[in-house]
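>
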Amino acid sequence: MTNDALVKTSVTLLGLGAMGAALARAWLAAGHPLTVWNRTPARAAALAAEGARVADSAAAAVAAHSLVVVCLLDDASVEEVLAGTELEGKDLVNLTTSTPAQARTRAAWARERGARYLDGGVMAVPPMIGVPEAGGYVFYSGSRELFERHRETLGVPAGTTYVGEDAGFAALHDVALLSAMYGMFAGVAHAFALIRKEDIDPASLAPLLADWLVAMAPSVHRTAEQLRTGDYTKGVASNLAMQVAGTPTFLSTAEQQGVSPELLGPYFALMRRRLAEGSGEEDLTGVVDLLVR
Ligand code: NDP
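Taking the numbering used here, I'd label the letters of the sequence shown as residues 514 to 806.
Shown next as structure tokens:
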């Protein structure tokens, strides 16, 4: 045993898919004693060669150490895998993507079994794990005490961002960020569709598009400030009335280019509805309230 192994927290990891295997390698590389289990044993074999101890059952893996990290496909697989294990006194960290409601239910489920619980939402893809400069991180929520206790160990594979005692908040932050990402992807798809049949190289549009999205991104801070204060007219650069007046240009251009308005159309409809109900001097922030049912 090395000196590192004497001081570094031992970790049990259940689930060696793409993400689980990347987590395992990061902990092994940092000298953490690691016990792994995976439903399909072959996936554990490569990690054994890299220094992991392979348990022959989930129950044995859970019994091995007090810190138990789970990274499985979904909440149903977490239920299935942990069902036959003894969780009393364990520190359970669940990095499986779930909904906020599933995370809250899983936290209560763990508490009933005598375990402390922390939920995680991974904001990284496997190649970013164990590569600090890649900028990946994990949202954590649930027991703050548990987070503080294992902060260093949890910080080995990726950065850590604790977002509150409510076990559902990590999942909620995860889904909020990814939802915004899909909105961005939708806009990008529309932009490329507009030039698709023209003599414009998509590769020449790409850097313009990327720079524009980066330039627009800080507007989220103004939106947040407006939502906080309730004043949607504060700091407005391009007001709602002007932007709604511009929407026919976007829709006509789409039509002329033979591009479906099905991505942009619903957002424009919300902008028009807000203009009808609110003030033309506002920002686009009122759309948030139209979405909240
Ligand atoms: P994979 O599909 O690569 O691996 C899934 C893992 O879950 C495998 O270990 C698989 O075991 C196991 N599993 C699935 N069903 C069961 C079951 N019923 N019983 C026991 N084990 C089961 O997924 P990832 O590793 O990529 O993802 C794991 C989690 O990480 C997911 O919740 C995902 O959303 C999240 N995540 C993944 C990211 C990514 O880019 N990959 C990014 C951010 C989060 P077996 O090997 O036997 O099939």
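Heads up, the beta-carbon is just placed ideally off N, CA and C, and yes, glycines get one too.
Treat the numbers as computed from the prediction; the structure is a model and nothing was measured.
So for Tyr-653, helix, strand or coil by DSSP?
Mapped onto the sequence shown, residue 653 falls at position 140. It is a strand residue.
> Cβ of Gly-530 versus every heavy atom of the ligand NDP: is any distance shorter than 7 Å?
Counting from 1 along the sequence shown, the entry for residue 530 is found at position 17. Yes, the beta carbon of Gly-530 sits closer than 7 Å to at least one heavy atom of the ligand NDP.
> If you compare alpha carbons, which of Ala-596, Gly-634, Leu-526 is closest to Phe-682?
Looking up residue 682 in the sequence shown gives position 169. If we check each option's Cα against that of Phe-682, Gly-634 comes out closest.
> The ligand NDP heavy atoms versus the CB of Val-638: any closer than 7 Å?
Here residue 638 is taken as the residue at index 125 of the sequence shown, counted from 1. Result yes, Cβ under 7 Å from the ligand NDP.
> For the alpha helix (DSSP H) that Met-755 lies in, which residues bound it at each end?
Sequence index remark: in the sequence shown, residue 755 carries index 242 (1-based). Its alpha helix (DSSP H) spans residues 753-769.
> By the three-class DSSP mapping on this structure, what secondary structure does Tyr-695 have?
As a first step, residue 695 is located in the sequence shown; it is residue number 182 there, counting from the start. Tyr-695 falls in the helix class under three-state DSSP.
> Run the CB neighbour count on Ala-518, radius 10 Å, all protein chains shown included, and call it buried at 16 or more, exposed below.
Numbered from its first residue, the sequence shown carries residue 518 at position 5. With a pLDDT of only 48 at Ala-518, under the threshold of 50, the placement of this residue in the model should not be trusted; the figure read from the coordinates follows. Ala-518 should be labelled exposed.
> Can you list, in chain order, the stretches of the beta strand (DSSP E) that have 3 or more residues and sit fully within the region 700-724?
List check, beta strand (DSSP E) in window: nothing returned.
> Determine the DSSP secondary structure at Leu-783, reduced to helix, strand or coil.
Position 270 of the sequence shown holds residue 783. Helix, per DSSP.
> Here's the rule I'm using: 16 or more other beta-carbon atoms within 10 Å means buried, otherwise exposed. How should Ser-656 be labelled?
Counting from one through the sequence shown, the residue named residue 656 turns up at place 143. By the neighbour-count rule (16 or more Cβ atoms within 10 Å), Ser-656 is buried.
> Can you list, in chain order, the residues of its chain whose CB lies under 8 Å from that of Ala-577, leaving out five sequence neighbours each side?
Mapped onto the sequence shown, residue 577 falls at position 64. Counting only Cβ-Cβ distances below 8 Å, and skipping sequence neighbours, we find Ser-523, Thr-525, Thr-548, Arg-566, Ala-568.
> Verify whether the separation of the beta carbon atoms of Asp-604 and Arg-629 is less than 8 Å.
Looking up residue 604 in the sequence shown gives position 91. Looking up residue 629 in the sequence shown gives position 116. Yes, Cβ-Cβ distance for Asp-604 and Arg-629 is below 8 Å.
> Assuming Leu-740 is part of the alpha helix (DSSP H), what are its boundary residues?
Along the sequence shown, one-based indexing puts residue 740 at 227. From DSSP, the alpha helix (DSSP H) with Leu-740 extends over 732-742.
> Taking buried to mean at least 16 other C-beta atoms within 10 Å of its own C-beta, is Val-507 buried or exposed?
Residue coverage of the chain in this structure runs from 514 to 806, which leaves residue 507 outside it and unanswerable.
> Shorter than 7 Å, the distance from the beta carbon of Gly-643 to the closest heavy atom of the ligand NDP, or not?
Your numbering for residue 643 matches position 130 in the sequence shown. Answer for Gly-643: no, Cβ out of range of the ligand NDP.
> Contact check, Gln-670 vs Ala-539 under 8 Å by CB: the rounded distance?
In the sequence shown, counting from the first residue as 1, residue 670 sits at position 157. In the sequence shown, counting from the first residue as 1, residue 539 sits at position 26. Correcting the residue type first, residue 670 is Pro in the shown sequence and not Gln. Going by Cβ atoms, the distance from Pro-670 to Ala-539 rounds to 4 Å, so yes, they are a contact pair.
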